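In terms of my numbering, the numbers along the sequence shown are unbroken and rise by one, the last being 160.
Here the structure is laid out as structure tokens; the discussion comes afterwards.
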Amino acid sequence: MTDDSLIKQSLESAKTIAIVGASAVKEGEVLAKTRLKPSIIVMKYLLEFGYKVIPVNPFSKGKKVNGEVIVEKLEDISTNIDIINVFRPSKETPEIAKQAVKLGAKTLWLQFGIKNTETERISNSAGITCIMNKCIKQEYQRLFLKSKPVFPVLLND
């Protein structure tokens with residue numbers, strides 16, 4: 004499969020997406036600044052297009068973002084996860100890939116600037132699609148809405 008067909012298949016078949024590293028409003032932080040964080044923008048977008056989105060962040064457990072309660076870790080999610088979308092540093096992703104294998108996720112998606120060969124190896128050996136260094140929101144826009152991404156300056160392909 005080509006990259007586009009693999010991405011399209013992942014997005015078409017998904018119903019539930021966990022966002023690891025989803026941000027919440029921190030104490031003393033200006034709300035407007037928080038709304039501009041990429042994880043929040045992506046989460047809101049995915050919710051608007053009908054996905055069930057579960058935010059994951061150990062430092063914000065129990066708080067809400069975009070109306071959804073943040074869970075501490077992936078293992079706290081009781082429903083099947085189709086895509087695990089990651090907003091964490093590349094060095095943390097092999098552990099997330101191992102969790103994805105345990106949970107039976109179909110796709111591990113690493114956002115812009117996030118890539119790791121060990122993560123890709125772990126995912127692929129377990130039959131999990133691994134998409135790296137791509138924004139899930141921009142790929143959805145490009146493939147389904149046939150529109151140019153909102154942040155074209157970020158494209159490096």
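C-beta atoms are modelled at their ideal positions from N, C-alpha and C, and glycine is treated no differently.
It should be emphasised that the depicted structure is a prediction, and the values quoted were computed from it without experimental measurement.
In this structure, E71 lies away from V89, with their beta-carbon atoms at least 9 Å apart. Contact check between the region 135-151 and the region 104-121: three or more CB pairs, one atom from each, fall below 8 Å, which counts as touching.
Excluding residues up to 5 positions away in sequence, V104 lie with their Cβ nearer than 7 Å to the Cβ of A129 in the same chain. In the displayed model, E71 falls within a strand according to three-state DSSP.
Using a 10 angstroms sphere on the CB of G24, the tally of other CB atoms reaches 16 or more, which defines it as buried. In chain order, N119, E121, T122, I125 place their CB closer than 7 Å to the CB of P97, counting only its own chain and leaving out the 5 sequence neighbours on each side.
The three-state secondary structure of T82, taken from DSSP, is coil. Shortest Cα-Cα distance from I99 to any of D85, K76, K47 involves K76.
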